[in-house]
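Participant: To convert a position in the sequence shown, counted from 1, into this note's numbering, add 19. Ideal Cβ placement from N, Cα and C applies to all residues, glycine included.
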Amino acid sequence: MEALIEMLGNATFENYVGAAEGYTEMAYQMSAHVLTLGYAVMLAALLYFVLTIKTVAPKYRTSSVLSVVVMVSAFLLLFVQSNNWTGSMIYDAESARYMLGDGNDLFNNGYRYLNWLIDVPMLLFQILFVVTLTKSDFSSIRNQFWFSGTGMIVTGYIGQYYEVTSPTLFFVWGFISTLFFVHILILMKRVISEGKEGAPPKAQKYLGYIWTLFFFSWMLYPGAYLMPYLFSLSAEPAMSEMAVVARHITYTVADVSSKVIYGIFLTLAAQEMSKAEGYDYESMENAL
Ligand code: RET
Numbered sequence: 020m021e022a023l024i025e026m027l028g029n030a031t032f033e034n035y036v037g038a039a040e041g042y043t044e045m046a047y048q049m050s051a052h053v054l055t056l057g058y059a060v061m062l063a064a065l066l067y068f069v070l071t072i073k074t075v076a077p078k079y080r081t082s083s084v085l086s087v088v089v090m091v092s093a094f095l096l097l098f099v100q101s102n103n104w105t106g107s108m109i110y111d112a113e114s115a116r117y118m119l120g121d122g123n124d125l126f127n128n129g130y131r132y133l134n135w136l137i138d139v140p141m142l143l144f145q146i147l148f149v150v151t152l153t154k155s156d157f158s159s160i161r162n163q164f165w166f167s168g169t170g171m172i173v174t175g176y177i178g179q180y181y182e183v184t185s186p187t188l189f190f191v192w193g194f195i196s197t198l199f200f201v202h203i204l205i206l207m208k209r210v211i212s213e214g215k216e217g218a219p220p221k222a223q224k225y226l227g228y229i230w231t232l233f234f235f236s237w238m239l240y241p242g243a244y245l246m247p248y249l250f251s252l253s254a255e256p257a258m259s260e261m262a263v264v265a266r267h268i269t270y271t272v273a274d275v276s277s278k279v280i281y282g283i284f285l286t287l288a289a290q291e292m293s294k295a296e297g298y299d300y301e302s303m304e305n306a307l
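(1) Out of Lys78, Lys215 and Met207, point me to the one whose CA is closest to Phe234's CA.
(2) Distance, Cα to Cα, Thr71 vs Tyr281?
(3) Within 10 Å of its beta-carbon, does Lys154 have 16 or more other beta-carbons around it, so buried, or fewer, so exposed?
(4) Looking at the ligand ZN, does it come within less than 7 Å of Ser277, judged from the CB to the closest heavy atom?
(5) The ligand RET and Ser158: does any heavy atom of the ligand fall closer than 7 Å to the residue's C-beta?
(6) Report, in whole angstroms, the separation of the C-beta atoms of Ser107 and Asn128, which I expect to be a contact under 8 Å.
(7) If you run the structure through DSSP and keep just helix, strand and coil, what is Leu188?
(8) Counting C-beta neighbours from all protein chains within 10 Å, is the total for Ile205 16 or more, i.e. buried, or is it exposed?
(9) What is the residue span of the alpha helix (DSSP H) that Leu70 lies within?
(10) Using the three-state DSSP reduction, which class does Leu119 fall into: helix, strand or coil?
(11) Rounded to the nearest angstrom, how far is the Cβ of Phe148 from that of Arg161, given a contact under 8 Å?
(12) Could you give the distance in angstroms between the alpha-carbon of Tyr130 and the alpha-carbon of Ala64?
(13) Just to confirm the assignment, what range does the beta strand (DSSP E) spanning Asp111 have?
(14) Whole angstroms is fine: what's the gap from Leu97's alpha carbon to His52's?
(15) What are the boundary residues of the alpha helix (DSSP H) that includes Phe284?
(16) Measuring CB atoms only, is the stretch 188–195 touching the stretch 169–176, in the sense that at least three cross pairs come out at less than 8 Å?
(17) Quick one: what's got a C-beta closer than 8 Å to Leu23's C-beta in the same chain, skipping five residues either side?
(18) With distances taken between CB atoms, is the gap from Trp230 to Ile211 smaller than 8 Å?
(19) Which same chain residues, not among the five before or five after Tyr270, have their C-beta less than 7 Å away from its C-beta?
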């Protein structure tokens with residue numbers, strides 16, 4: 020382990036597993052496939068958000084535009100993240116394993132964090148263009164979302180460098196990041212409760228789903244951060260390919276839920292609100 024730390028320093032644990040034992044065919048391919056699925060879904064969903072933009076009244080369209088921004092940035096960064104995986108591990112015929120390549124780029128989850136820097140504020144602002152706040156002030160909530168969103172990501176980004184070399188720093192930065200996260204959860208709960216107040220019943224139902232989806236899908240990110248420790252249940256990170264695959268899957272499920280399914284539910288809620296205000300795209304299409 021000491022020798023590996025000397026060689027790999029603050030590299031993430033995926034590289035340590037790749038250098039120590041390498042990946043079996045199944046672990047390597049499952050990772051490659053789930054990473055590919057991630058960016059493919061973003062491209063498909065991009066079309067959904069473009070094609071449904073006219074199904075909501077003009078005042079709700081900013082939400083669809085923000086989903087489009089999220090899809091484009093996520094597609095590009097997840098594409099790079101996926102190539103980073105296949106580029107860093109190389110098949111070794113002798114051991115029949117994929118090993119960390121010599122002279123290649125190391126694997127790093129940092130692309131994800133930079134992607135969140137764009138997407139997290141967009142996803143948080145997005146709902147503000149769908150709901151009508153009854154008590155809170157729009158710009159105050161928007162600024163707080165931005166402050167805590169970026170605070171959470173930057174501190175987590177620093178922390179993830181220490182997942183192998185310094186568990187203490189890893190947990191301290193993770194804890195600071197969690198404080199920002201709790202603030203975001205409180206704000207979101209407030210936005211959704213206020214938004215439900217004046218909304219038509221069907222839109223209220225979707226807003227209820229959005230809260231549950233938001234809560235569980237955003238919780239997956241700290242879960243993925245902790246993955247090497249969830250598998251070891253000790254003060255040392257697990258050197259396990261299962262933990263690596265679990266992290267890739269967790270990130271992909273989280274990305275599809277928090278960006279795509281969330282955006283779809285917001286579109287559905289906005290369609291109901293539009294109908295209640297006399298903008299009914301279904302009868303408009305019949306008229307054409
Ligand atoms: C980190 C560090 C450890 C503690 C916590 C974290 C939370 C991350 C979250 C990320 C959400 C990202 C989204 C991206 C969508 O594009 C930074 C992993 C609490 C909640 C929604």
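Facilitator: Let me spell this out:
(1) Met207
(2) 15 Å
(3) Exposed, because fewer than 16 other Cβ atoms sit within 10 Å of the Cβ of Lys154.
(4) For the structure depicted, the ligand ZN is absent and the ligand set comprises only the ligand RET.
(5) For Ser158, the shortest C-beta to heavy atom distance toward the ligand RET is 7 Å or greater.
(6) Actually they do not touch by this definition, with Cβ atoms about 12 Å apart.
(7) helix
(8) The residue in question, Ile205, is exposed, as its Cβ has fewer than 16 Cβ neighbours within 10 Å.
(9) Glu44 to Leu70
(10) For Leu119, the secondary structure class from DSSP, reduced to helix, strand or coil, is strand.
(11) 10 Å between Cβ atoms; not a contact.
(12) The alpha-carbon atoms of Tyr130 and Ala64 are separated by roughly 20 Å.
(13) Secondary structure note for Asp111: its beta strand (DSSP E) is the uninterrupted segment Met108 to Asp111.
(14) 12 Å
(15) Tyr281 to Ala295
(16) Three or more Cβ pairs drawn from the stretch 188–195 and the stretch 169–176 lie within less than 8 Å of each other, which places the two stretches in contact.
(17) Tyr35, Ala38 and Ala39
(18) yes
(19) Arg131 and Ala243
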